[in-house]
Structures are given as C-alpha cells and as structure tokens.
Amino acid sequence: MLLPNVLAASSFVEVRPGLIFWTLVTFIIVAIILRAKAWGPILSLVEEREKQIASSIEAAKRERAEAEKLLAEQKTAIAEARRDAQEMLRRNQQEVEKFREELMAKSRKEAEEFKASATREIEEQKSKAIAEVKAMAVDLSMEIASKLLNERLDDSKHRALAEQFVAGLPVKGTTQGRA
15 MLLPNVLAAS SFVEVRPGLI FWTLVTFIIV AIILRAKAWG PILSLVEERE
65 KQIASSIEAA KRERAEAEKL LAEQKTAIAE ARRDAQEMLR RNQQEVEKFR
115 EELMAKSRKE AEEFKASATR EIEEQKSKAI AEVKAMAVDL SMEIASKLLN
165 ERLDDSKHRA LAEQFVAGLP VKGTTQGRA
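My numbering puts the sequence shown at residues 15 to 193.
What follows is the structure, given as structure tokens:
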C-alpha cells in the first residue's frame, strides 16, 4: 500500500519538458483570452468602484463639513436663545419691580388721602362738638340767668337749684332735655 503513494509523490517531483511547454502555452492563451475578454471589464469595474469610493469619501467629507457647519450654527442659535431668554427675564424682573414700586406709591398715596380725609372728618366732628358744647353752655347760662332773675336766692336755694340743674344735665351719650 505504501508503494502507490510513493509513486504518486514521485510523479509530482519529476520534470517533464513537454508538460511544462503545454502548461506555458495554455497559460499564455488563457492570459491572452482573459486580457481580451475579462481584463478590460474587470479593470473598468475596479476603476468604477474606485471612483464610487472616491466620490463617497468626498460626499462624506462634504456632509461632515455641512454637519459641522450646522452644529456651529445650532450652538450659536442656542447661545443667542439663552441670551434672549436672560434678557427677557431681566426685563420682566424690571417690569415687576416697577409695577411693585408703582403699586406701593399708589398705596401710600391712598393711605395719605385716607389719613387726610380722616383728619378732616375728626376736625369737623371736633368743631361740631365744640359748637354743641358752646350752645349748651349758652343755653345753661340763659336758663340759670332766667331762674336767678325770677327768684332771689339764698345760699341753700342756690345750692338746691345747682343740684337740680346738674341732675337735669344729659347723661354721657344721650341728648335728654333738662328738667
């Protein structure tokens, strides 16, 4: 069994000039046929693929540049939007502060007007009270004078008349007539 394997191995190592010649002729014919029929289309496909790859690389570069440009624009737009938002917030705070100050000023003015009105009302009521007291004093004086003129009083009658008059004075908060 070893013998056929050894024979097969020796046939590969053995040099045969005829086989070499026909092998070279066959290789040259196949090379010429491949060059005429297949090499041109294969090279054109490779060149076309090379052009596609180059155009894809260029397109990717353009798209990347465009993406970077858009990113920069977006960053700028975001920064501007933040500035605008901060400006709007600052303006709103100023408007709120201004409104608060106006409201405080208006409240102070109304309080001052109310105070002035209350002071006027108090003064009017005070004047009315003084006028009433004066009128009562005049009435009392007139009544005392008329009673004194009508009778000659001694000291005890004088005291009794004063006590009667004081008893007839109106009690606090009432406006009763005198007896």
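C-beta atoms are modelled at their ideal positions from N, C-alpha and C, and glycine is treated no differently.
When you compare the CB positions of residue i and residue j, do they come within less than 8 angstroms of one another, or not?
i, j, result
"K161", "L183", "no"
May I ask which residues mark the beginning and end of the alpha helix (DSSP H) holding residue i?
i, result
"A45", "P31 to I47"
Taking residue i and residue j to be in contact with their CB atoms under 8 angstroms, please state how far apart those CB atoms are, rounded to whole angstroms.
i, j, result
"F179", "I158", "7 angstroms"
Out of the options, state which residue places its alpha-carbon closest to the alpha-carbon of residue i.
i, options, result
"L154", "A99, A181, I136 and E135", "A181"
Would you call residue i buried or exposed, if buried means 16 or more other Cβ atoms sit within 10 Å of its Cβ?
i, result
"I34", "exposed"
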